[in-house]
Amino acid sequence: MRLLKQQIDQKHGSGFATLLPEEPEDMWHAYNLIQPSDLVRARAIRRVTKTSDSGSVASQRITLDLTISVTSTDFDVGSGQLHVAGKVASENEHVKLGSHHTLDLELQRKFTLEKGDGWDSVALEQLREACDTEKRADLWAVVMGEGLANICLITEHQTILRQRVEVPVPRKRKGGLDGHDKGMDKFYSTTLSTLLRHFDVVNAVQADKTTPLLLASPGFVAQSFLAYVKSEATRTTNKPLLALLPSILVAHSSSPHVHSLSEVLASPAITSKLSDTKYARETALMDKFYTFLRQDDGRAWYGPKEVEKAVEKGAVGRGGGVLLISNALFRAQNVAERKRWVGLVDRVKEVEGGEVRVLSSMHESGKRLEALGNVAAILTFPLEDLDEDDEVNGGGEGDGNEMVI
Amino acid sequence: MPPKSGHHRAKNVDYEEDDVYSDDDYYENEEGGGMTDEDREQMRIGAIKVKEALNSSITVSDSQIQEALWHYYYDVGKSVTYLKNKHAPATTTTQPKKQKAVSRFDQAVSAASTPKKPETGEQSAFLMPPNRIKELCTAPSLKCTFQSRRANIKDFDTNTGASECWASAEYPCLYPIPDVMDHVPLSAAEFFRDTPWLNVPTHRLGEITVEPLFPRGGLLGGSSKPSKLAALAAARKKKQEEAKNATSTSTDPGDMKAEADKAVALLDRLSVKSKESASPSSALVQPQPVEQKSAQSKYPSRKRSQTPTTAFQESETPTPEPETSAPVEIPHLRAGPSMFASTLCGITPLPVKRQHLDSTSFPLPYTSTRGFTDTNPFTGPSPDDIVLSARVKGNKSKPGPNKKPNGNKLAESVEKLSVEEVPKVKSKNLNVVEEFEKSGMKRMANFVVIGHVDHGKSTLMGRLLYDLKVIDQRSVDKLRKEAETIGKSSFALAWIMDQTSEERSRGVTVDIATNYFETDKTRFTILDAPGHRDFIPNMIAGASQADFAVLVIDASTNSFESGLKGQTKEHALLVRSMGVQRLVVAVNKMDTVNWSQDRFEEISQQMTAFLTAASFSGKSITFIPCAGLTGENVTRKIEEGKASWYNGQTLIEALDASEPAKRSLEKPFRLTVSDVFRGSITNPVSIAGRIDAGSIQVGDTILSMPANEAGVIKGVEVENEPVDWAVAGQIATFHLAELDPVHLRLGDIICDPKKPVTLTKSFTAKILAFEHVLPMGVDVFRGRMSAEANVTKLVAVLNKGTGEVEKKKVRIVKPGEVARVVVQLDRELPLEVGVRVVLREGGNTVAAGLLEMCS
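So the protein sequences, as listed, match chains A and B. Residue 1 is where the first sequence starts when you use my numbering, and the numbers rise one by one after that. Residue 1001 is where the second sequence starts when you use my numbering, and the numbers rise one by one after that.
What follows is the structure, given as structure tokens:
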């Protein structure tokens, strides 16, 4: 995203920013930035009907700049389209004030955003992140098992499941062995052709930047698939594919499902190659949190109330305090809700001096956090009983002879 | 065959692709290029013949004759026809008549209408008296129009040259030209002389009819169909012959004149009552151009006489027309003429109505305008019209009784058809439970073989099968050889179970292998599970089908210890949580530790401690020392001196001692699909799996969930033997019908359509945690099925013994705790209360659970 113009008063947060989305990922940023009650000004095409004095009705489509006060946003992950619905906020010779309009934000078409409640710290941070021009690392991943493959695109801020390939593969059985092999062959060819349809091999291999392809599976499926890709590339002398071969990584995952991507991205083989990407950092952070949680020493807490309490008690401060928060919370339609989280972030950052990590809800790490209530914290010192219920009862260890299960 | 030039050959290449042309090769070649000597000779002879045939009637130039011959492949007859048609348009009307003189009808016509015609006498000779047929065919009932034709030719051969040419004109393509030129046509009797059936008693002889020969339609000559009159006449003749054969086989048919008279009489009858000729008894061979073509190159083949078709009806309809110029009502005794015929001949099915309309209603101008129809009271049918139309209807309904039963029959037969269509697979309607009890079947048991990777599960099972002679020596020798060639000789026995190339090359079992063996008491199904941690899903699939488990432990140093941390532990916990109660622990590879009693005791103690902690009851665990590779204490006792301290059971004895599992036969049918495959060409959709509950038989309708598609059981196989039914506990293969394989996935539930499984998207389960359980993403396993899911809520931690709630508001479930959790599935799955599931995350089994509530 390119920042064309910015006039934000740091003190009050008033002002506007004019942005130009340049790539599909920017739509995701725009989705995170634009909140209900914000003012968005962009070019729009609107059908205008005019009734002349004689009573005849003429309607025509005209292009005009509209400013709307946002009521809702709609983001399509697959196609990366963002629709912003709202009421027209500035009068215009064609459109009445208060009439409804839905803006379709498009790539390479600028829009101006003015925050209804002013630019808060989180919004500013998001804006900064959105306009960060540093080289982005995209990664294609195929998480597969026998007969099932998930083709995903992992970008800096999102993991997009592009296609799920499912091919029935007969199991090994007496006398029907070729059924299994044939099924696997069919599965490989389907997966490869599907992958090539989504993955722009020709542009993937460039001198300065090569998009890596990650194959992950339990067992030997990924290796076999790599062997298949190699043989296919040689057989068909597909030059772009041949050039891509060196940048294909094979990793181990425990299941063919997408959520095992987090495990893949945390594996040492991958982190060594893709260390400094946001998603790798996020994944590592979540793993760290889980480790603390398993130790069960009261240093890791999750859930909105618990975390808020911990922050109150000053446990998420300097010296290792980390607040993990999903950006889904900042997209809250409710302004008060958003303020609550922004306040929490501000407090940790400015008052306590702790670290705040906003995780993308579109990544696997964000999904894991989502399961925990979208917010979690690693504390600097152990705290007990944050869940304010009865006594914590650790004595469940079994002396029961007969199991319930 | 004339020598081919290169050009010819090149041309032939194209044609040879087509078999149809291969027979005509001879002619093709001649056509191809310059004339050979033979060609010229043929051309010369042909030209002479044609000239003779044409006589003086038409003057044609030699070149024209030659051209005609060339186009007709020296077919004199055709050429003559062509030339006559072309050069004497005036005579064309008579000429066809001459050609069709064969037909009895034409004979009759000529005899009746032009008795003075000089040809009559001669032509009447064409008539084929039935006795002549008898002369020719030794079998009296052998009816053969073909023969009669040939006989005609013979007659003609003795006659004039004109007749000769006629003969060749009439049989242009039946024989190759030399035959025609030799004038020695082959009669059917001659042709069939050496066939043995001529000596067969007459009453047993079949009927041979050879299609009548009509001028062949060609590029230039005449129509491809015989004239309608000719067809009609042929039918008449046939009928007459038949009648003659039936009534008076010995009667002398009398002289030709009488014959001709008869024909005239026939014609009269025909013209009055056309329906008679259409009586279905008259056998008529329809001239069909295609068949004629085939007759060109082949000998006439035996044909069944055909019943008259609509084409025949068409051909006869014109006959009554000239006579019925006055409106004569023909009773509707037959089906009306076809649409084509009525269009062609202008006969409407309701002549009365038409007459009436013709006389009364003339279209008036403006009648079609709206205003007119609104005001005009006469636009509707007048009362007279109504009466008339009612009458017409009444008339119509008159032939009804004739028709109706026919229609009813048709309807009935259609109904019958539809009834027969429904049960494609016939059910024997057995009472399966009774059958099962009656059958007194041996005890059946499925056991899963579990243990850490490389502890020798597959080898031990291979040894078991080999020693029980399930696998013959030869195949084992073959496997040994193959294993040695890739330097893995110790894997030979494991390869009995590990059959895929990947498994063999990597030396790891990947998927469940199923095998069968039998002892005196029990029939066993082995489910050899993979030990590698990546394939635990497959192991779960196997364990879900098992009644009890065999835990294989490597006794050698370090192996046992590493296994205890790894899959020995995980598998044991899994099978326990899948509901397996009984465990046979095979302490394998005892030969590597010299059958040390200490080692065995040590392992036994450690395992007992662990297993009882995992809530196996002590008495249901059996420890057996054995050595899979050498086969000691598997089926035979340990050799003397090696392990004198042990005198317990062998492995097979321990297996045999297992109590049979209870079967829930009375519950509704449930089966978890563990494999979908193409059984064979006749069984394109086959599934395999263990019947969890209920019973099934061939012909039963089943429902596949979650696809919610019904199908029919076409066949059931148990242990590769087709059976009529199967009951809970059996691992069977089912061949399905009326179900597309796209609706079947591994892990689907096949159930009784009357009591289907419910689909659920979220459930509450009581779980036993093996690892820390947080609200997190997990994989849910149930048999072959695996699905993505999320643990959304930790409801409570429960007391292990009593199941009472110990703590609400759980933040984390620690390993070993029992908790109640809510699991949200990504998609709807067939899960029922009481089903056991396994939750895994990141390659570890997190928890095993029992479904308490679906929502």
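Glycine is no exception: its CB is placed at the ideal position from the N, C-alpha and C atoms.
Please list, in chain order, all residues of the same chain as E1828 of chain B whose beta carbon is under 7 Å from its beta carbon, the five residues on each side excluded. Hits under 7 Å: P1706, L1759, T1760, K1761.
Any chance the stretch 1564-1583 of chain B sits against the stretch 1530-1548 of chain B, with 3 or more Cβ pairs inside 8 Å? When C-beta atoms of the stretch 1564-1583 of chain B are compared with those of the stretch 1530-1548 of chain B, three or more pairs fall below 8 Å, so the two segments count as touching.
Near-chain B residues of the stretch 288-320 of chain A (beta-carbon distance less than 7 Å), N- to C-terminal order: Taking 7 Å as the Cβ-Cβ cut-off against chain B, the residues of the stretch 288-320 of chain A that qualify are L293, R294, D296.
Where R1784 of chain B and L1671 of chain B are concerned, what is the direct C-alpha to C-alpha distance, given to the nearest angstrom? Looking at the two C-alpha atoms, the distance is approximately 11 Å.
Opening and closing residue of the beta strand (DSSP E) in which H101 of chain A lies: Segment 100-105, the beta strand (DSSP E) holding H101 of chain A.
Would you verify that the beta carbon of D1748 of chain B is, or is not, closer than 8 Å to some beta carbon of chain A? Judged by the 8 Å Cβ criterion, D1748 of chain B is not in contact with chain A.
Can you tell me whether A1283 of chain B is helix, strand or coil according to DSSP? Because the pLDDT of A1283 of chain B is 43, which lies under 50, any placement of that residue in the model is unreliable, and the number read from its coordinates should be weighed accordingly. Annotated three-state conformation of A1283 of chain B is coil, per DSSP.
Within 10 angstroms of the Cβ of E166 of chain A, are there 16 or more other Cβ atoms? Answer buried if so, exposed if not. That one is exposed.
Close-in-space but distant-in-sequence residues of the same chain around R347 of chain A (CB under 8 Å, 5 per side omitted): Contacts found: V311.
Along the chain, where does the beta strand (DSSP E) that runs through D1826 of chain B open and close? Boundaries of the beta strand (DSSP E) around D1826 of chain B: 1818-1830.
Below 9 Å between beta carbons is the criterion; list the residues of the stretch 1770-1802 of chain B that meet it against any residue of chain A, in chain order. The residues in question are E1771, H1772, L1774, P1775, M1776, G1777, V1778, D1779, R1784, S1786, A1787, E1788, N1790, V1791, T1792, V1797, L1798, N1799, K1800, G1801, T1802.
Among B:A1848, B:E1841, B:L1851, B:L1850, whose alpha-carbon lies nearest the alpha-carbon of P256 of chain A? Closest by alpha carbon: B:E1841.
Hey, does T1635 of chain B have any beta-carbon neighbour from chain A nearer than 8 Å? Chain A, which has no Cβ nearer than 8 Å to the Cβ of T1635 of chain B, makes this no.
Do you know offhand how far E1640 of chain B's Cα is from N1633 of chain B's? Whole-angstrom Cα-Cα distance: 11 Å.
Residues of chain B with a CB under 7 Å from the CB of H257 of chain A: which are they? Neighbours of H257 of chain A on chain B, chain order: D1779, E1788.
Is G1777 of chain B closer than 8 Å to I173 of chain A when the C-beta atoms are compared? The sequence given here has Arg at residue 173 of chain A, not Ile. Their beta carbons are not under 8 Å apart, which means R173 of chain A does not touch G1777 of chain B by this criterion.
On a Cα-Cα basis, can you pick out the residue from B:I1767, B:S1389, B:F1535, B:V1822 that is closest to R1576 of chain B? Comparing Cα-Cα distances from R1576 of chain B to each of B:I1767, B:S1389, B:F1535, B:V1822, the minimum goes to B:I1767.
Where DSSP assigns a beta bridge to G1849 of chain B, which residues make up the other side? Note: G1849 of chain B sits in a beta bridge opposite B:I1767, B:V1837.
Unbroken alpha helix (DSSP H) runs of length 4 or more, entirely within the stretch 1538-1613 of chain B: which are they? Those alpha helix (DSSP H) runs which fall completely within the stretch 1538-1613 of chain B and span 4+ residues are 1559-1565, 1567-1577, 1597-1613.
Counting only beta-carbon atoms, is E352 of chain A nearer than 8 Å to chain B? So no, E352 of chain A is outside the interface.
Does the Cβ-Cβ distance between R1504 of chain B and A1555 of chain B come in under 8 Å? Contact flag unset, no.
Listed by chain order, chain B residues near P168 of chain A by CB distance under 9 Å: Taking the beta carbon of P168 of chain A as reference, the chain B residues within 9 Å of it are V1676, F1677, P1741, V1742, L1744, R1745, L1746, listed in sequence order.
Taking 8 Å as the threshold (beta carbon to beta carbon), is D1534 of chain B in contact with chain A? Cβ-Cβ to chain A under 8 Å: yes for D1534 of chain B.
Is Q1581 of chain B close to chain A? Criterion is C-beta to C-beta, closer than 8 Å. No Cβ of chain A is located within less than 8 Å of the beta carbon of Q1581 of chain B.
R357 of chain A - DSSP class collapsed to helix/strand/coil: R357 of chain A carries a strand assignment under DSSP once its states are collapsed to helix, strand and coil.
Per-residue contacts from V1510 of chain B into chain A (C-beta, under 7 Å): Within chain A, the residues placing a beta-carbon under 7 Å from that of V1510 of chain B are G219, ordered along the chain.
So if DSSP puts V167 of chain A in a beta bridge, which residue, or which two residues, is it bridged to? Its beta-bridge partners do not exist; DSSP assigns none.
Taking Cβ positions, are H1878 of chain B and G1679 of chain B nearer each other than 8 Å? As shown, chain B starts at 1001 and ends at 1855. That puts residue 1878 of chain B outside it, with no answer to give.
When you compare each of A:T236, A:W140, A:Y290 to I270 of chain A by their alpha carbons, which one comes out closest? Out of A:T236, A:W140, A:Y290, A:W140 has the C-alpha closest to the C-alpha of I270 of chain A.
Can you tell me whether E1709 of chain B is helix, strand or coil according to DSSP? Of the three classes helix, strand and coil, the one that applies to E1709 of chain B here is strand, per DSSP.
Excluding the five sequence neighbours on either side, which residues of its own chain have a C-beta within less than 6 Å of the C-beta of K1298 of chain B, listed in chain order? Confidence is the limiting factor: at K1298 of chain B the pLDDT is only 48, short of 50, which leaves the residue's position unreliable, though a coordinate-based value still follows. Annotation for K1298 of chain B: no residue places its beta carbon closer than 6 Å to its own, counting only its chain and skipping 5 residues before and after.
Between A1529 of chain B and chain A, is any beta-carbon pair separated by less than 8 Å? Interface flag for A1529 of chain B against chain A is unset, since no Cβ pair is found closer than 8 Å.
Do you know how far the Cα of T1081 of chain B is from the Cα of I1048 of chain B? For I1048 of chain B and T1081 of chain B, the gap between their C-alpha atoms comes out near 15 Å.
State yes or no: is the beta carbon of R1506 of chain B nearer than 8 Å to at least one beta carbon in chain A? Yes, its Cβ sits closer than 8 Å to a Cβ of chain A.
Contact set for E1031 of chain B: own chain, Cβ-Cβ below 6 Å, skip 5 residues either direction: Legend: pLDDT at E1031 of chain B = 44, less than 50; position of this residue unreliable, value from coordinates given subsequently. For E1031 of chain B, there are no CB contacts under 6 Å within the same chain when 5 residues up- and downstream are skipped.
Can you pull the chain B residues whose beta carbon is under 7 Å from the beta carbon of R331 of chain A, in chain order? Ordered by position in chain B, no residue passes the 7 Å Cβ test against R331 of chain A, which lies about 20 Å from the chain.
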